[in-house]
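Here is the structure we will look at, set down as structure tokens.
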Amino acid sequence: MRPDFEKGNGLVPAIIQDYHTKEVLMLAYVNEEAYERMLKTKETYYYSRSRNELWHKGETSGHFQYIKGMYLDCDEDTLLIYVEQIGAACHTGTYSCFFNEIMPYQNLDIFHELYDLIEDRKVHPVEKSYTNYLFEQGIDKICKKVGEEASETIIAAKNSDNEELIGEISDLFYHVYVLMANQNITVEDIEKKLGERHQITGNKKDFHQRGEY
Numbered sequence: 204m205r206p207d208f209e210k211g212n213g214l215v216p217a218i219i220q221d222y223h224t225k226e227v228l229m230l231a232y233v234n235e236e237a238y239e240r241m242l243k244t245k246e247t248y249y250y251s252r253s254r255n256e257l258w259h260k261g262e263t264s265g266h267f268q269y270i271k272g273m274y275l276d277c278d279e280d281t282l283l284i285y286v287e288q289i290g291a292a293c294h295t296g297t298y299s300c301f302f303n304e305i306m307p308y309q310n311l312d313i314f315h316e317l318y319d320l321i322e323d324r325k326v327h328p329v330e331k332s333y334t335n336y337l338f339e340q341g342i343d344k345i346c347k348k349v350g351e352e353a354s355e356t357i358i359a360a361k362n363s364d365n366e367e368l369i370g371e372i373s374d375l376f377y378h379v380y381v382l383m384a385n386q387n388i389t390v391e392d393i394e395k396k397l398g399e400r401h402q403i404t405g406n407k408k409d410f411h412q413r414g415e416y
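As numbered in my numbering, residues 204 to 416 make up the sequence shown, in order.
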């Protein structure tokens, strides 16, 4: 099965999504040569309509996209590509090209997005970034902050102040994620371990019947 390049005069649109968060990163166009190169290299190649030439995403910026999955739509004239995004997808330096908000949406996968942002700071440091400050200080500083946030979470709970507690739990999650990134532990590693320990399959019916929680 191949894209029908004839429908678009040799080009098909490609929607690029983060394979962790499913966030839409960009829209680009692909010709047959770009398509063949993607199949061979497992990295993204596109065709620039303004420059009339093939381009390898990340070749000049270092912000490569490693392909994790590729799908055709029902008409076989549009590609959906899941990628591991290194750095920013957009030429403006933002993670996604779609940052001009018209109607806001509720992000249901903030945990993966937060971790990905922290990982990106690790690879591409930003001046005056608190995350980069923690990485520079090292494991002792990071562990100290995790301990401090855990203590503050306990205090907020004992004070029966849920608003304060929500804030402290959020701070604790963030610092734990920095610790994870520093130790090269991913969100998927934690999800896998929880699944193993509690035999979570994603089937809510089976989960409730077992009653592990």
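We put the CB at the ideal spot given by N, CA and C, even for glycine. As the structure is a prediction and not an experimental result, all values here were calculated from the model.
Residue closest to residue i, alpha-carbon to alpha-carbon, out of the options
| i | options | result |
| --- | --- | --- |
| residue 232 | 225, 380, 253 and 245 | 253 |
| residue 327 | 224, 215, 297 and 255 | 297 |
| residue 286 | 395, 207 and 225 | 225 |
| residue 206 | 339, 281 and 261 | 281 |
| residue 377 | 395, 341, 333 and 240 | 333 |
| residue 273 | 305, 238, 213 and 304 | 238 |
| residue 341 | 325, 353, 210 and 354 | 325 |
| residue 387 | 353, 329 and 318 | 318 |
| residue 270 | 305, 263 and 243 | 243 |
| residue 323 | 398, 210, 265 and 211 | 265 |
Beta-ladder partner(s) of residue i, from DSSP
| i | result |
| --- | --- |
| residue 216 | 232 |
| residue 227 | 220 |
| residue 251 | 256 |
| residue 320 | Answer by DSSP bridge pairing: none, since residue 320 is not bridged. |
| residue 262 | Beta-bridge pairing links residue 262 to no other residue. |
| residue 246 | 269 |
Endpoints, beta strand (DSSP E) assigned at residue i
| i | result |
| --- | --- |
| residue 286 | 282–288 |
| residue 272 | 268–275 |
8 Å contact criterion, which residue i and residue j should meet: CB distance rounded
| i | j | result |
| --- | --- | --- |
| residue 267 | residue 289 | 5 Å |
| residue 375 | residue 356 | 5 Å |
| residue 292 | residue 219 | 7 Å |
| residue 155 | residue 275 | Since the first residue shown for the chain is 204 and the last is 416, residue 155 is missing from the structure and cannot be characterised. |
| residue 227 | residue 314 | The pair is not a contact, with the Cβ atoms about 18 Å apart (cut-off 8 Å). |
| residue 214 | residue 250 | 6 Å |
Boundaries (first-last residue) of the alpha helix (DSSP H) holding residue i
| i | result |
| --- | --- |
| residue 342 | 342–361 |
| residue 380 | 365–385 |
| residue 393 | 390–401 |
Short CB-CB distance (under 7 Å) between residue i and chain B
| i | result |
| --- | --- |
| residue 394 | Considering every chain present, this structure includes no chain B. It has just one protein chain. |
Flag this pair as touching only if the region 324–339 and the region 254–263 have three or more C-beta atom pairs under 8 Å; answer yes or no. no
Mind the definition here: the region 345–354 touches the region 371–386 only if three or more C-beta pairs lie below 8 Å; say whether that holds. yes
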